[in-house]
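Notes for the one structure printed next.
2 protein chains.
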Amino acid sequence: MASTAEERPARVSGIDKIERRRVALAESALKTLGELGYARTSLREIANNSEFTHGVVHYYFRDKIDLISYCVRYYKTKCARRYDEVVETATSAAELATGFLGKMTQTLVEETPMHKLWYDLRAQSMFEEQLRPDVEEIDKLLEAMIWRILSRYADLTGTTPSVDAPTAYALVDGLFEQAVVGYAANPDKTPALLTDRLMQVLPKLVTA
Amino acid sequence: MASTAEERPARVSGIDKIERRRVALAESALKTLGELGYARTSLREIANNSEFTHGVVHYYFRDKIDLISYCVRYYKTKCARRYDEVVETATSAAELATGFLGKMTQTLVEETPMHKLWYDLRAQSMFEEQLRPDVEEIDKLLEAMIWRILSRYADLTGTTPSVDAPTAYALVDGLFEQAVVGYAANPDKTPALLTDRLMQVLPKLVTA
DNA sequence: GACTTTGTTTGACAGTTGTCAAGAAAATTC
DNA sequence: GAATTTTCTTGACAACTGTCAAACAAAGTC
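First to last, the protein sequences are chains L and U. Residue numbering for the first sequence follows the UniProt record's numbering, starting at 1 and increasing by one per position. Residue numbering for the second sequence follows the UniProt record's numbering, starting at 1 and increasing by one per position.
Okay, structure coming up:
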C-alpha cells in the first residue's frame, strides 16, 4: 500500500529523479529510525539528520506512514538476499554452516540498528494496521531466505528438513532476535553465543 | 529501578492503600497499553480509560517511565507461573505436552493484548535504556519457565534436554511471537498452527 | 471542632508533533 | 529570455505530549 509514485505529469527522467530523492530521504530516515526507534522518531528529526528540510519530506511522501512504509520496503530489498552467495557457493554442510553463521554474526554486529528497527516495526505492526502488509511481506521474504538455507543444508548432508518453512523461520528468528536484544547489554559475547546456539539447533532441523 | 514507594511519612495502613491504588492504575494502564501499544499510549489516554484523572497518575508515579516500569513488573508476576500447575501435575509426557500447549494457546487467545504489549516493550527496551532492567528480568523469568517445562518433559520421557535454557527459550519464544503477530491476521488458524509447530519441535529438544 | 496530613481535581505551562500552504528558488520549456 | 512547471524553504496551525502547581476535598489526629 501507499507511496504514490505516478500521478505526476513530469517527463520520464523526472520520475527517476523523484525516485532517487525518495531513496535519499529513506536512507536518511532509516539511519534515524535505527538509532531512535519508531516511537521516538519524528519527521522533523528525520529532516534534521539529513540535508533536507522538513517540508521536503512532505513533498515526497504523503504522510508519516507513507514514509515509514517506503523505508521498510526499501530496507527489505537490501537484506533478504544476504545469504544467497553462501548458499550457492558452499560445497559442504560445514562450509555452508560457517558461511551462514559468519554472515549472520557479521550483520548482527555491523547492522544492529537496522535489525533493532525491524523488530520494532514488526511489533508496531501489531498495533498499526497500515504497517501490516509491508511487515508481512518482509516476513515472507525472510522465511524463504531461511528455507533456502535449510534446504541446501539438507541437500549437502543427504537429509531432509524435519520442520516446515514457517517453523524453521520462527526458530532461527527467535535465536536472532534474542541476540539482537542481548547485543546492547553484551556486545562482546553475544555473537559467539548466537553462533553456538545455532550450531546446536541446525542439525536438529533435518532428519536422515 | 524506579517506582518510589517509601519516602512517605504515612502510617502503615496507608502504604497498602497506596499500593492498591498503584495496582489499580497499573491495571488500567495495562489495558490501554495492550490496546494501543507503547508508542500511542499517553498518560492522558491512560487516565481517560480509567476512573482517575490525569493528575492522579502523577501523584502515584514519578513520570511515565515509572508507570510503565511498574506495569511491566506487575504484569510479569501474573504470567511467568502460568504453567506451573501443569508441570507439577502431569504424570506423562503426553499429558504435559497437551496441558502446556492448551494453556499456551489459551493465553494466546485470551490475553493477546498483553502479549502484544510484551513484545512491543521488549522492542522498545532496545531504544529506551530505562526499560532494559525490567525487560531483562522478565526474560529471565520466562526462560526459567520454559526450562522447567522442558526439564520435566525430559524427565517424563526418560531423556535429557539437548539444548541449554536460553536456546530453548529463544526457540519457543520465536514460535510464540510468530503466533502473536500472526494472530491479528488469522485468529482462527493461528492457535492450531502454534500447537502443531510446537509438537514438531518439542521432541527435538531432548535426546535419549 | 480546629488542624494537619493525604488524596484529587483542574487548569495551565512549554515543548513537540504531523500537516499544510504561501511563496521563493531553481529548473525546464517554448 | 519570458513563461511555466517543479522543487524547496519557511513559517504557521491545531492538536497533543509530559509535567507541574495551586486550589480543593477527605480523612485522620489531637
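Think of the CB as a built atom: it goes at the ideal place given N, C-alpha and C, for glycine as much as any other residue. This structure is a prediction, so every number in the text was calculated from the model and none was measured.
Endpoints, the alpha helix (DSSP H) within which residue i is located
{"i": "glutamine 130 of chain U", "result": "Element bounds for glutamine 130 of chain U: n/a, residue is neither H nor E."}
{"i": "cysteine 71 of chain U", "result": "64-77"}
{"i": "phenylalanine 52 of chain L", "result": "Segment: none, phenylalanine 52 of chain L is in no alpha helix (DSSP H) and carries neither H nor E."}
{"i": "leucine 191 of chain L", "result": "Note that residue 191 of chain L is proline in the sequence shown, not leucine. Start and end: 190-201."}
{"i": "proline 187 of chain U", "result": "Careful: proline 187 of chain U lies outside any alpha helix (DSSP H) and carries neither H nor E."}
{"i": "threonine 89 of chain L", "result": "84-89"}
Where residue i falls: helix, strand or coil (DSSP)
{"i": "valine 206 of chain L", "result": "strand"}
{"i": "proline 113 of chain U", "result": "helix"}
{"i": "threonine 160 of chain U", "result": "strand"}
{"i": "glycine 37 of chain U", "result": "coil"}
{"i": "phenylalanine 100 of chain L", "result": "helix"}
{"i": "serine 92 of chain U", "result": "coil"}
{"i": "arginine 44 of chain L", "result": "helix"}
{"i": "arginine 122 of chain L", "result": "helix"}
{"i": "alanine 154 of chain L", "result": "helix"}
{"i": "arginine 22 of chain U", "result": "helix"}
{"i": "alanine 5 of chain U", "result": "Confidence at alanine 5 of chain U is low in this model, with a pLDDT of 36, below 50, so the placement of that residue should be treated as unreliable; the coordinate-derived value is given next. Of the three classes helix, strand and coil, the one that applies to alanine 5 of chain U here is coil, per DSSP."}
{"i": "phenylalanine 61 of chain L", "result": "coil"}
Residues of its chain near residue i, where Cβ-Cβ distance is below 8 angstroms and the 5 sequence neighbours each way are ignored
{"i": "leucine 175 of chain U", "result": "Leu194, Arg197, Leu198 and Val201"}
{"i": "serine 162 of chain U", "result": "Lys204, Leu205, Val206 and Thr207"}
{"i": "glutamate 37 of chain L", "result": "The displayed chain sequence assigns glycine, not glutamate, to residue 37 of chain L. Once the five neighbours on either side are set aside, the close Cβ partners of glycine 37 of chain L are Lys116, Leu117 and Asp120."}
Spatial neighbours of residue i in its chain, beta-carbon cut-off 7 angstroms, leaving aside the 5 residues before and after
{"i": "threonine 107 of chain U", "result": "Arg82"}
{"i": "proline 113 of chain L", "result": "Gly34 and Glu35"}
{"i": "threonine 103 of chain U", "result": "The sequence given here places lysine at residue 103 of chain U; threonine does not occur at that position. Only Arg82, Tyr83 and Val86 meet the Cβ criterion."}
{"i": "threonine 159 of chain U", "result": "Val206, Thr207 and Ala208"}
Euclidean distance between Cα positions of residue i and residue j
{"i": "alanine 29 of chain U", "j": "leucine 117 of chain U", "result": "11 angstroms"}
{"i": "glutamate 88 of chain L", "j": "valine 72 of chain U", "result": "45 angstroms"}
{"i": "alanine 165 of chain L", "j": "glutamine 178 of chain U", "result": "13 angstroms"}
{"i": "threonine 41 of chain L", "j": "isoleucine 68 of chain L", "result": "10 angstroms"}
{"i": "arginine 44 of chain U", "j": "glutamate 95 of chain L", "result": "56 angstroms"}
{"i": "glutamate 27 of chain L", "j": "asparagine 48 of chain L", "result": "13 angstroms"}
{"i": "phenylalanine 52 of chain L", "j": "tyrosine 60 of chain L", "result": "11 angstroms"}
{"i": "alanine 192 of chain U", "j": "methionine 145 of chain L", "result": "24 angstroms"}
{"i": "proline 133 of chain U", "j": "aspartate 16 of chain L", "result": "47 angstroms"}
{"i": "leucine 131 of chain L", "j": "arginine 62 of chain L", "result": "15 angstroms"}
{"i": "tryptophan 147 of chain U", "j": "alanine 80 of chain U", "result": "12 angstroms"}
{"i": "methionine 39 of chain L", "j": "isoleucine 65 of chain L", "result": "What sits at residue 39 of chain L in the sequence shown is alanine, not methionine. Taking the straight line joining both Cα atoms gives about 12 angstroms."}
{"i": "lysine 31 of chain L", "j": "glutamate 129 of chain U", "result": "19 angstroms"}
{"i": "isoleucine 138 of chain L", "j": "glycine 55 of chain U", "result": "42 angstroms"}
{"i": "threonine 4 of chain L", "j": "threonine 105 of chain L", "result": "Low confidence applies here, because threonine 4 of chain L scores a pLDDT of 36, under 50, leaving its location unreliable; read the following figure in that light. If you take the alpha carbons of threonine 4 of chain L and threonine 105 of chain L, they lie about 36 angstroms apart."}
{"i": "aspartate 155 of chain L", "j": "alanine 93 of chain L", "result": "8 angstroms"}
{"i": "lysine 78 of chain L", "j": "alanine 97 of chain U", "result": "40 angstroms"}
{"i": "threonine 190 of chain L", "j": "asparagine 186 of chain U", "result": "34 angstroms"}
{"i": "tyrosine 70 of chain L", "j": "glutamate 19 of chain L", "result": "11 angstroms"}
{"i": "leucine 171 of chain U", "j": "arginine 21 of chain U", "result": "38 angstroms"}
Nearest to residue i (by Cα), restricted to the options the options
{"i": "leucine 205 of chain U", "options": "U:Asn186, U:Tyr169 and U:Thr190", "result": "U:Tyr169"}
{"i": "leucine 142 of chain U", "options": "U:Thr53, U:Asp173 and U:Leu121", "result": "U:Asp173"}
{"i": "aspartate 188 of chain U", "options": "U:Val109, U:Arg62 and U:Cys79", "result": "U:Val109"}
{"i": "threonine 167 of chain U", "options": "U:Gly37, U:Arg22, U:Leu150 and U:Lys76", "result": "U:Leu150"}
{"i": "valine 181 of chain U", "options": "L:Phe127, L:Tyr183 and L:Gly158", "result": "L:Phe127"}
{"i": "valine 57 of chain L", "options": "L:Leu171, L:Ala97, L:Asn186 and L:Val23", "result": "L:Val23"}
{"i": "lysine 76 of chain U", "options": "U:Ala97, U:Glu19 and U:Lys140", "result": "U:Lys140"}
{"i": "tyrosine 183 of chain L", "options": "L:Arg152, L:Thr160 and L:Glu111", "result": "L:Glu111"}
Residue i beta carbon near the ligand GDP (any heavy atom closer than 7 angstroms)
{"i": "aspartate 63 of chain L", "result": "The ligand GDP is absent from the structure shown, which contains no ligand whatsoever."}
Same chain, Cβ closer than 6 angstroms to residue i, neighbours up to 5 away in sequence not counted
{"i": "glycine 99 of chain U", "result": "Val86 and Ala90"}
{"i": "valine 135 of chain L", "result": "Arg122 and Ser125"}
{"i": "serine 50 of chain U", "result": "Ser28"}
{"i": "isoleucine 46 of chain U", "result": "Ala29 and Thr32"}
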